[in-house]
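In my numbering, the protein residues as written are -15 to 248.
Have a look at the structure below, then the notes.
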């Protein structure tokens, strides 16, 4: 509780109070009126959430099968440990290095376009950089390890005897997975999705580099207010809006899951 208060509640309180101050120090809500009243900031916020949703879906599509393979099909503990090390290797390098690496790979003469041209899938280079596609690819590469580790930790704790019982009762491999393994691994899917989504919402370096400044997300606007325009009060208001909107979405997501679980 002391750690939470010192490093989250107290700094958030400072930011919130700063968002309610005018430049002359008086109380005002004009910063929130601007953040919530102009269409541009709403569009940027919606784009931020849309890209974060795409990243979450992509990370789940990649991370769940990989986690399932490591936990269920890799018998050697040494090989499993090596695979975990490979999975988390992207986290050992800085965001800037990773982003520039993807710039090299996604460029018109990069490895991705060269491979597609060589296989005949395309007849001219695709424009993959400086758009939403490059942002989603870059963030998915960074966030996928969080999904793999979270899902794997839950899969490891599922009692294998439950799956064996389903097989004994006549269930096939697919039926056993969809009716036993997948429902029991839902806590890992939910936790991994929340981690990936929240980290993607607040990501700054990867979107700013891979978008080339052509796509703005809310974190980039906040940085501009603090680092370029030096309008700290409006930057604080944008920060509070982003945090509150994210918490509302997460709360709605968890409430919908709970309602669906009760209905089932």
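Built from N, CA and C at the ideal position, the CB exists for glycine as well.
Computed from a predicted structure; not experimentally measured.
Can you check which of these residues, the options, is closest to residue i by C-alpha distance?
i, options, result
"residue 54", "133, 122, 18", "133"
"residue 163", "178, 146, 177, 179", "146"
"residue 117", "221, 190, 24", "190"
"residue 6", "215, 113, 225", "215"
"residue 141", "168, 122, 105, 160", "168"
"residue 12", "220, 177, 155", "220"
"residue 34", "186, -13, 239", "186"
"residue 241", "226, 177, 197", "177"
"residue 272", "244, 246, 235, 226", "This structure does not reach residue 272, given that the chain is present from -15 up to 248, and the question cannot be answered."
"residue 10", "239, -10, 1", "1"
"residue 196", "90, 8, 143, 18", "90"
"residue 36", "212, 245, 188", "188"
"residue 137", "245, 17, 64", "64"
"residue 115", "192, 8, 211, 245", "192"
"residue 56", "239, 244, 157", "157"
Assuming the contact rule is C-beta atoms closer than 8 Å, residue i and residue j should be a hit. Round their C-beta distance to whole Å, please.
i, j, result
"residue 202", "residue 20", "With a Cβ gap of about 13 Å, residue 202 and residue 20 do not count as contacting."
"residue 51", "residue 139", "6 Å"
"residue 180", "residue 43", "5 Å"
"residue 233", "residue 222", "16 Å between Cβ atoms; not a contact."
"residue 58", "residue 184", "Between residue 184 and residue 58 the Cβ distance is about 28 Å, and since that is not below 8 Å, they are no contact."
Is the Cβ-Cβ distance between residue i and residue j less than 8 Å?
i, j, result
"residue 230", "residue 182", "yes"
"residue 121", "residue 199", "no"
"residue 217", "residue 15", "yes"
"residue 113", "residue 95", "no"
"residue 3", "residue 228", "no"
So what does residue i bridge to, in DSSP terms?
i, result
"residue 56", "Per DSSP, none; premise fails for residue 56."
"residue 11", "5"
Check whether chain C comes within 8 Å of residue i, counting only Cβ atoms and requiring the distance to be less than that.
i, result
"residue 145", "No chain C is part of this structure, which consists of one protein chain only."
request  = Mind the definition here: the segment 167 to 181 touches the segment -10 to -1 only if three or more C-beta pairs lie below 8 Å; say whether that holds.
outcome  = no
message = For the structure I just gave you, are there three or more beta carbon pairs, one from the segment 121 to 129 and one from the segment 43 to 56, closer than 8 Å?
response = yes
inquiry  = Tell me whether the segment 105 to 119 and the segment 60 to 74 touch, counting them as touching only if at least three CB pairs, one residue from each stretch, are closer than 8 Å.
reply    = no
ask   = Touch check for the segment 74 to 81 and the segment 148 to 166: three-plus C-beta pairs under 8 Å?
value = no
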